[in-house]
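Asks:
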Amino acid sequence: MGKIRILPSLIAERIAAGEVVERPASVVKELCENAIDAGASAVEVRLSRGGTELIEVTDNGSGMPREDLEVCIGRHATSKIREFEDLSRLNTLGFRGEALPSIASVAELTVVSRAAGTSTTHEIRLAQSAAERVEARNVPNISFLGSAQGTRVRVVSLFSQIPARLKFLKSIGAETSAVREIIERLALTHPEVAFTFRNEERTLLELPAENLKDRTVRMLADDNPFEIVETELPGAYSIQVIWLKGLSLPHTRGMYQIVNGRALRDRTLQSAILNPLKQSFLPGNFPVCVVRIDLPPDELDVNVHPGKTEIRFLESRKIYALCDAAFERLLGRPAFRDAGPGPDSGFMPPTWNGSWSQSTTPHLSLEPGAPTAFFDSTPIGEYRGVWFATYLAFEKEDKITLIDQHAAHERVRYEQIKKGVLGKQGCETQQLLVPEVVKFPSDRLIRLRAKLDWIKPLGFEAEVFGEESVVFRAIPVIWGAGTWSERLRNLLERLENEDAGPEHPTWDEVLFEKIAMEACRSSFKAGDSIHEWSVRDLVRKLYSCDHPGNCPHGRPTSITLSRNKVEEWFSRLS
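The letter at position 254 of the sequence shown is residue 272 when you use our numbering, and the numbering goes up by one with no holes.
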């Protein structure tokens, strides 16, 4: 007897379903995407026991007539594709026709729908064990979120007949949180759609239809007065960025990626977003932002991941250039560039001798008695005093800005020191008594070989050694003493991923920490008394920095309160 046999259809379907339905959140994602593709302006999700007992998704989209309802539960049944070429011009979230049959193979499925322009509502039910074709039946008309047309999908007893899958689910709370995260991503991706999320008898989310900025503020700012900055760059490759400056998280879940209306967690796009921000945050901290990119559908492949959470860009360099341009516009703060002297005004770069100066004297160029005419105002308005001997208050029009004097001065000092150090990079080289050998995969070493010349002017002497190693015979003096193997390997990794040569190859986490620590030691501290002229000078220098919104370790340097917010506190708004 042979050992190879054809699997029974029911087993094969349940195995295939695992590519689409991993947990309740997967079901919610597929059903909500179908609702959005159907043109819904409102979607409601109901959950019981984390989705294992019940998932119900109702929309007011175009609905389905009886003949479509009977076909939609079949595998590879789709309204999105007619011919192979359609795969290269997709503009819908779903397209493979796998969602409903995959769900039906691991749960009891009921679909109720009424198409636009019809007078009859139909229902179709499918049990997990049913493999035959099921006919739809007429049912009494119902309301779909206040509309006569739409679709309601009920998923009951998810994985009840697959205990091996059921036991690997997390707690009810964890599964509910995963569902909420999916809905939040879809809500940010499609702010024009109203979303409601009910868990048992509680309403966890209720979002009206609105524009992207208003939804971002509603969902991510959580009523906190973070500075919200926004930019848009139109074109065949267009981008919109909404960034909550001053807020950072120790994970990337606050970075929302949207490409052609699809919520993603794509590594290439994440890297493109972080690239222009790498000097704004302490390594390990990440921004909170929404990045929406639109490009021609034939320049990306959305069919590279079963959950459609990753894509492949035809021109990844254009994505990097687009993100660089958008964030440089946000970071450049052109309105503040002419506000006064730059961050290196009156500053002499430190002499590098392998260790840092222990001076703790704050570096500001002004002393009491300096001319005041130059400092009548600042980019953020008039100085109004200090709160709690730490927070400098400024007023401009209908806004109050509070500056953390230590965080602000730390940012100024950090950029001064960094500019002085990196401006001297490559001038001095230290020869290694014992060359440092770094292992590197041979297939990647081929691409890296030509790029080693880029770092020679910066103080590195490196060459390929054997089939899978690079040997370093010298490094820049600014790297100081210590263990270099891991730092050199990280340098090679960065070098390999750059296309036009890295801006500062000598820059790494160790050097960052050294400069950030020196900046911290030589800055004003909370509680220090600062003369008014120095306060104004500090603010001007801050807003001339490359990254004025955060201290080197990611803490916000300022917050802004609107007059409306203050009057809301005092119930003065009508």
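Note that beta-carbon positions come from the ideal geometry of N, C-alpha and C, so glycine has one too.
Please name the residue or residues paired with K417 in a DSSP beta bridge.
Replies: Here the question's residue 417 lines up with position 399 in the sequence shown. The partner list for K417 (beta bridge, DSSP) reads K414, S580.
Asks: Span of the alpha helix (DSSP H) holding D461?
Replies: Looking up residue 461 in the sequence shown gives position 443. Residues 460-467.
Asks: Using the C-alpha atoms, what's the distance from I260 back to E254?
Replies: Position 236 of the sequence shown, counted from the first residue, corresponds to residue 254. Position 242 of the sequence shown, counted from the first residue, corresponds to residue 260. This sequence places Ala at residue 254; Glu is not what is there. Approximately 20 Å between the Cα atoms of the pair.
Asks: When the Cα of P268 is compared with those of S589, R573, D77, S580, which residue comes out closest?
Replies: Residue mapping note: residue 268 aligns to position 250 of the sequence shown, counting from 1. Comparing Cα-Cα distances from P268 to each of S589, R573, D77, S580, the minimum goes to R573.
Asks: Could you tell me the alpha carbon to alpha carbon distance between F478 and Q449, rounded to whole angstroms?
Replies: What you label residue 478 is simply residue 460 of the sequence shown in a count that begins at 1. What you label residue 449 is simply residue 431 of the sequence shown in a count that begins at 1. Cα to Cα, the separation comes out at about 9 Å.
Asks: Using DSSP bridges, identify the partner residues of I311.
Replies: Start at 1 with the first residue of the sequence shown, and residue 311 comes out as number 293. Paired residues: I257, V277.
Asks: Quick check on L313: buried or exposed, where buried means 16 or more other Cβ atoms within 10 Å of its Cβ?
Replies: By one-based count along the sequence shown, residue 313 stands at place 295. With 16 or more other Cβ atoms within 10 Å, it is buried.
Asks: For N217, count neighbouring Cβ atoms within 10 angstroms of its own Cβ and tell me buried if that reaches 16, exposed if not.
Replies: Residue numbering aside, residue 217 sits at position 199 when the sequence shown is read from its first letter. Under this definition N217 is a buried residue.
Asks: Considering only residues of the region 184-270, which uninterrupted alpha helix (DSSP H) runs meet the minimum length of 4 residues and lie entirely inside it, listed in chain order?
Replies: If we require 4 residues or more, the alpha helix (DSSP H) runs fully inside the region 184-270 come out as 190-207, 230-234.
Asks: Can you find the residues in the same chain that come closer than 8 Å, C-beta to C-beta, to T408, ignoring five residues on each side of it along the sequence?
Replies: Here the question's residue 408 lines up with position 390 in the sequence shown. The residues are D422, Q423, H424, A544, G545.
Asks: Can you grab the Cα-Cα spacing for the pair F331 / L463, in whole Å?
Replies: Translated into the one-based positions of the sequence shown, residue 331 becomes position 313. Translated into the one-based positions of the sequence shown, residue 463 becomes position 445. Near 24 Å, if we compare the C-alpha coordinates of L463 and F331.
Asks: I need the boundaries of the beta strand (DSSP E) containing V157, first residue and last residue.
Replies: Taking the sequence shown and counting its residues from 1, the one referred to as residue 157 is at position 139. 155-157 is the extent of the beta strand (DSSP E) around V157.
Asks: Looking at the secondary structure, which residues open and close the alpha helix (DSSP H) in which P119 lies?
Replies: In the sequence shown, the residue the question calls residue 119 occupies position 101. Residues 117-122.
Asks: At the level of alpha carbons, what is the spacing between T578 and E62?
Replies: By one-based count along the sequence shown, residue 578 stands at place 560. By one-based count along the sequence shown, residue 62 stands at place 44. Going by the C-alpha atoms only, they are around 35 Å apart.
Asks: Pick from E446, K532, R539: whose alpha carbon is nearest that of I493?
Replies: As a working mapping, residue 493 is identified with position 475 in the sequence shown. Selected option, being the one with the closest Cα: E446.
Asks: I'd like the span of the beta strand (DSSP E) that includes A125, first residue to last.
Replies: As a working note, residue 125 is residue 107 in the sequence shown. Premise fails: A125 is in no beta strand (DSSP E) and is neither H nor E.
Asks: So what does DSSP say about P181, is it helix, strand or coil?
Replies: Taking the sequence shown and counting its residues from 1, one reaches residue 181 at position 163. In this structure, P181 counts as helix in the three-state DSSP scheme.
Asks: Under a Cβ-count criterion, where at least 16 other Cβ atoms within 10 Å of its own Cβ denotes burial, should S298 be classed as buried or exposed?
Replies: By one-based count along the sequence shown, residue 298 stands at place 280. S298 comes out buried.
Asks: My output table needs one value for G69: the three-state DSSP class, helix, strand or coil.
Replies: Position 51 of the sequence shown, counted from the start, is the residue given in the question as residue 69. G69: helix per DSSP, three-state reduction.
Asks: To the nearest angstrom, how far is the alpha carbon of R581 from that of R402?
Replies: Translated into positions along the sequence shown, residue 581 becomes position 563. Translated into positions along the sequence shown, residue 402 becomes position 384. The straight-line gap from Cα to Cα measures roughly 15 Å.
Asks: Measuring only the C-alpha atoms, how far is A145 from E333?
Replies: Start at 1 with the first residue of the sequence shown, and residue 145 comes out as number 127. Start at 1 with the first residue of the sequence shown, and residue 333 comes out as number 315. Looking at the two C-alpha atoms, the distance is approximately 45 Å.
Asks: Rounded to the nearest angstrom, what separates S178 and A205 at their Cα positions?
Replies: Here residue 178 refers to the residue found at position 160 of the sequence shown. Here residue 205 refers to the residue found at position 187 of the sequence shown. Distance between the alpha carbons of S178 and A205 is about 30 Å.
Asks: Do three or more CB pairs link the region 157-176 to the region 55-71 at distances below 8 Å?
Replies: As far as the Cβ criterion goes, the region 157-176 touches the region 55-71, which means the pair count is three or higher.
Asks: Can you give me the C-alpha to C-alpha distance between I200 and V455, rounded to a whole angstrom?
Replies: Taking the first residue of the sequence shown as 1, we reach residue 200 at position 182. Taking the first residue of the sequence shown as 1, we reach residue 455 at position 437. Going by the C-alpha atoms only, they are around 46 Å apart.
Asks: With which residues is Q449 paired in a DSSP beta bridge?
Replies: Within the sequence shown, the letter at position 431 stands for residue 449. Paired residues: A492.
Asks: Can you tell me whether A425 is helix, strand or coil according to DSSP?
Replies: On the sequence shown, residue 425 is found 407 positions in, with the first residue counted as 1. Three-state DSSP puts A425 in a helix.
Asks: Would the beta-carbon of L251 fall within 8 Å of that of A343?
Replies: One-based indexing of the sequence shown puts residue 251 at position 233. One-based indexing of the sequence shown puts residue 343 at position 325. The answer is yes: Cβ separation under 8 Å.
Asks: Check D564 in the structure and name its three-state DSSP category.
Replies: Here the question's residue 564 lines up with position 546 in the sequence shown. D564 falls in the coil class under three-state DSSP.
Asks: Let me know if G79 comes out buried or exposed under the rule of 16 or more other beta-carbons within 10 Å of its beta-carbon.
Replies: Translated into positions along the sequence shown, residue 79 becomes position 61. The residue in question, G79, is buried, as its Cβ has 16 or more Cβ neighbours within 10 Å.
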